[in-house]
Amino acid sequence: MSLLKLRGELDAQQKIILAIVGVFITIALWWGLAELLSQQRPIVDGGLKVFPSVFDTTITKFQRDSIIRQDSILQTKATSFEKVYPILPPPNKVIGSYSSLLEHDELISNTGRSIWLNIQGYLWALLIALPFGFILGLIPLFRGLFSKQIDALRYLPLSALTSLFIVWFGLEDTMKVAFLAFGILVYLLPVIVQRIQEVEEVYLQTTFTLSATNWQTIKSVYIPAVFSKIMDDIRVLTAISWTYIIIAELLNRQGGIGGLIFVKSKMGQIDKVFAILLLIILIGFIQDRIFSYIDKRVCPHKYLKYKVPGIQECQYGIYFILICLLAKAIFPVMIPSIAIWVAVLVGLVMIALGEFKIFGASKDNK
975 MSLLKLRGEL
985 DAQQKIILAI
995 VGVFITIALW
1005 WGLAELLSQQ
1015 RPIVDGGLKV
1025 FPSVFDTTIT
1035 KFQRDSIIRQ
1045 DSILQTKATS
1055 FEKVYPILPP
1065 PNKVIGSYSS
1075 LLEHDELISN
1085 TGRSIWLNIQ
1095 GYLWALLIAL
1105 PFGFILGLIP
1115 LFRGLFSKQI
1125 DALRYLPLSA
1135 LTSLFIVWFG
1145 LEDTMKVAFL
1155 AFGILVYLLP
1165 VIVQRIQEVE
1175 EVYLQTTFTL
1185 SATNWQTIKS
1195 VYIPAVFSKI
1205 MDDIRVLTAI
1215 SWTYIIIAEL
1225 LNRQGGIGGL
1235 IFVKSKMGQI
1245 DKVFAILLLI
1255 ILIGFIQDRI
1265 FSYIDKRVCP
1275 HKYLKYKVPG
1285 IQECQYGIYF
1295 ILICLLAKAI
1305 FPVMIPSIAI
1315 WVAVLVGLVM
1325 IALGEFKIFG
1335 ASKDNK
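With our numbering, the residue at position 212 of the sequence shown is 1186, and numbering never jumps.
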């Protein structure tokens, strides 16, 4: 098959090869651009590397001309030069900066803090959006009363609302979680209403023919239909959630990778800034894969043509983990962190048992 055919399909081997080649091309372009933007910094006797002109950017033109002359004099006295990357660090310097971040900047604990804030924001947004979304989507009275106002919330510049959240919730983690949950909520709530409206009429006619009650229709048609699509919407919101986390952590730099980025950028440690950004990309990718896995196990009818043993165990494990995390988010003081770790471990064991059964069933079918 031609690789240039319009909307052509790639087989599994081609996808892997092209993905690897694409990574190497990206790294090569990154490296080349970093070298192109690099500078030679003169080193004067005594180890002086930073010249006077960088210390004050508010001086007059006459003063700047005088300082630039001082720079020129110092540069003529340079004993050696070193290559620096003030704009874009090369990949090797970015990768090498992780050791310093781990040793001196508590990268693991800061990353864990940000991930937990992200999870709490998602859980609170879902806890609020799902019931209110179903009420608005199913009951015309409430949809007519409030749908326009809710749609309008999407146009709010959320970064401009940070001062209000500080007034309402203070500067601690409660403010950050509330800000993140609100940022997800304003996008998720209209989506749930839209998904309800997209339920195919044939399913509703079937429940009507079977004389199903309103609750039976909601349980058998609306909830499965919405949940089968909502996971794709949540995956899209992953990028938005990390944007809001960085904004929230900049307001009160008491930990988290958002505050760490701010500190490192102020110190001019661009290689560490890029290292943290790469870490955020990796976390976002892992989150996307986790959401994709949850979608496949919670809504297996989208991917499987028949019932497979082990799916139920996976679902129980996923539900157990989500319920425990939600309980921790609602009652953070009452539930110790060690209990959550144990609960997550138990849930993972249940999921592993289910996956083992699914793997065995797939081998038997072959």
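No residue lacks a Cβ here, since even glycine has one placed at the ideal position from N, Cα and C.
- K1057 sits in a strand when the DSSP states are folded into three classes.
- Look at P1283 here: in three-state DSSP terms it is coil, with no helix or strand label.
- Per DSSP, Q1171 is one residue of the alpha helix (DSSP H) stretching across D1147 to Q1171.
- Ranked by Cα distance from I1332, the first of I1309, R1271, L1296 and I1001 is R1271.
- Take the alpha-carbon of E1009 and the one of L1253: they are about 23 Å apart.
- Per the C-alpha coordinates, the member of W1004, N1092, I994 and H1078 positioned closest to A1303 is N1092.
- At a Cβ-Cβ threshold of 8 Å, V1058 and S1012 count as neighbours.
- The bridge partners DSSP lists for Q1013 are V1058.
- Rounded to whole angstroms, P1274 and A1249 show a C-alpha spacing of 37 Å.
- For K1067, the enclosing alpha helix (DSSP H) has its first and last residue at P1065 to H1078.
- Between the region 1076-1089 and the region 1217-1229 there are three or more C-beta pairs closer than 8 Å, enough to call the two in contact.
- Contact annotation: the region 1163-1172 touches the region 1110-1121, with at least three C-beta pairs closer than 8 Å.
- With fewer than 16 other Cβ atoms from the protein chains shown falling within 10 Å of its own Cβ, K989 counts as exposed.
- A straight-line Cα-Cα distance of about 15 Å links V995 and L984.
- For F1120, the enclosing alpha helix (DSSP H) has its first and last residue at P1114 to A1126.
- Nearest neighbour of R1128 by Cα position, chosen from E1146, P1105 and I1158, turns out to be I1158.
- Under the three-state reduction of DSSP output, G1321 falls in the helix class.
- In the same chain as P1065, and ignoring 5 residues on each side of it, the C-beta atoms closer than 7 Å to its own belong to I1001, W1004 and W1005, in chain order.
- In chain order, G1157, I1158 and Y1161 place their CB closer than 8 Å to the CB of I1214, counting only its own chain and leaving out the 5 sequence neighbours on each side.
- Taking 8 Å as the upper bound for CB-CB distance, D1147 and R1209 are not in contact here, some 25 Å apart.
- Taking 8 Å as the cut-off, the Cβ atoms of L1234 and D1079 count as close.
- Here L1154 is not near I1244, since their CB atoms are 8 Å or more apart.
- In the three-state scheme derived from DSSP, where H, G and I count as helix and E and B as strand, D1262 is classed as helix.
- Annotation for I1231: the continuous alpha helix (DSSP H) segment containing it runs I1231 to K1240.
- Between the region 1136-1152 and the region 1192-1199 there are fewer than three C-beta pairs closer than 8 Å, too few to call the two in contact.
- Pairing E1287 with G1328 gives a Cβ-Cβ distance under 8 Å.
- Counting other Cβ atoms within 10 Å of its Cβ, P1063 reaches 16 or more and is therefore classed as buried.
- Just so you know, the alpha carbons of Y1290 and L1299 end up roughly 14 Å apart.
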